[in-house]
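To start, the structure under review is shown below, and the notes come after it.
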Amino acid sequence: MSEVILFGEPMAMFVANTAGSLHEAEEFKRFLAGAEVNVAIGLKRLGHTVTYVTRLGEDPFGVYIENKLKEEGVNTKITKDPEHFTGYQLKNQVLKGDPEVFYFRKNSAASYLSEKDVDELEFGEAKVLHMTGILPALSLSCRNATYRLIEKAREHGMLISFDPNLRPTLWENKDIMIKVINDIASKADIVLPGVSEGLTLMGSENPKEIGEFYRKRGAKSVIVKVGADGAYVDSEQEKAFYHGYKVEKVVDTVGAGDGFAVGVLSAYLEGLSIKEMVDRGNAIGSIQVSVLSDNEGFPTNKELHDYMRRSAV
66 MSEVILFGEP MAMFVANTAG SLHEAEEFKR FLAGAEVNVA IGLKRLGHTV
116 TYVTRLGEDP FGVYIENKLK EEGVNTKITK DPEHFTGYQL KNQVLKGDPE
166 VFYFRKNSAA SYLSEKDVDE LEFGEAKVLH MTGILPALSL SCRNATYRLI
216 EKAREHGMLI SFDPNLRPTL WENKDIMIKV INDIASKADI VLPGVSEGLT
266 LMGSENPKEI GEFYRKRGAK SVIVKVGADG AYVDSEQEKA FYHGYKVEKV
316 VDTVGAGDGF AVGVLSAYLE GLSIKEMVDR GNAIGSIQVS VLSDNEGFPT
366 NKELHDYMRR SAV
């Protein structure tokens with residue numbers, strides 16, 4: 066069985082070929098996107114085994130996604146849904162700041178993931194369950210599946226990693242989003258919020274206050290992403306800031322948080338210290354923002370170690 070289990074919605078993503086507003090874009094390039102699938106691909110490239118569970122429509126986008134995951138060598142458990150479509154999204158290019166993203170995913174095949182999908186999965190000797198706040202936002206059945214996943218992970222003694230990854234437009238309202246996200250975070254071992262997410266979820270952008278908030282609610286380790294400045298750790302072992310990596314040119318910020326999770330989890334699986342987990346997360350996040358797409362910048366082991374060695378000079 067795989068080391069890491071992930072449930073989520075993969076999407077076909079169409080990125081505008083030139084910078085500008087999304088409504089002005091006329092030509093696009095297709096990529097694979099989705100927070101959990103990004104993490105699955107990143108971990109696989111670093112030599113770790115993952116099982117990625119989803120539902121796809123019986124349409125061209127579903128075929129594209131399934132083929133891409135096969136190319137990446139990701140172990141999948143895919144349910145084909147003849148009644149619902151595969152989700153997709155449009156994204157513009159920007160010269161600075163975050164890009165505009167428009168989703169086509171309401172009533173998508175993946176939004177029909179349920180507790181049944183969890184109960185049918187063989188967990189085996191899996192070590193880590195990584196989740197984001199996107200799955201419970203997709204539908205009530207996905208929300209129930211999220212809680213069932215947590216139960217199963219606890220039964221199997223797995224580490225639970227949780228990235229809030231807020232998508233406000235997918236939720237019924239802001240209050241429900243905050244309540245559910247914070248409840249899930251309280252059940253996780255590692256919580257990976259960003260400072261802007263902290264402001265939304267608990268009213269502060271201060272990394273120390275964010276760390277304290279989730280630690281008091283049950284998280285063993287909180288690693289707060291502070292963008293280019295790196296990350297702050299509040300854990301049972303330490304409370305410390307760790308500097309990020311300098312990026313010459315930011316091309317696309319989407320996927321950086323998923324890259325950070327890849328670094329943290331891969332280092333954890335290799336028995337490294339929390340300092341090394343954060344350092345690797347910062348490194349992969351900085352690599353990813355330098356390329357267009359959500360996951361194509363994720364490195365192999367050699368590429369990662371070469372990058373970290375060069376950047377340390």
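Heads up: the sequence shown at position 81 corresponds to 146 in the numbering used here, and the numbers run straight through without jumps. A virtual CB, placed ideally from N, CA and C, is assigned to each residue, including glycine.
Residue 243 carries a helical assignment under DSSP once its states are collapsed to helix, strand and coil. Counting only residues of its own chain and dropping the five nearest sequence neighbours on each side, residue 114 has a CB closer than 6 Å to the CB of 67 and 68. Residue burial is scored here from C-beta neighbours: residue 134 has at least 16 other C-beta atoms within 10 angstroms and is therefore classed as buried. In the DSSP secondary-structure assignment, residue 119 is bridged to 143. Taken through DSSP and simplified to helix, strand or coil, residue 195 comes out as strand.
The C-alpha of residue 204 is placed about 12 Å away from the C-alpha of residue 245. In the three-state reduction of the DSSP assignment, residue 299 falls in the strand class, which pools E and B. Counting along the chain, residue 94 sits inside the beta strand (DSSP E) bounded by residues 93-98. DSSP places residue 360 in no beta strand (DSSP E); its state is neither H nor E. Taking C-alpha positions only, residue 151 is separated from residue 128 by approximately 9 Å. The Cβ atoms of residue 270 and residue 276 lie no closer than 8 Å to each other. Residues of the same chain with a CB within less than 8 Å of the CB of residue 138, apart from the 5 flanking positions on each side, are 109 in chain order. In its chain, beyond the 5 residues on either side, 150 and 151 have a beta carbon closer than 8 Å to the beta carbon of residue 124.
If you draw a straight line from the Cα of residue 199 to the Cα of residue 222, it comes to about 24 Å.
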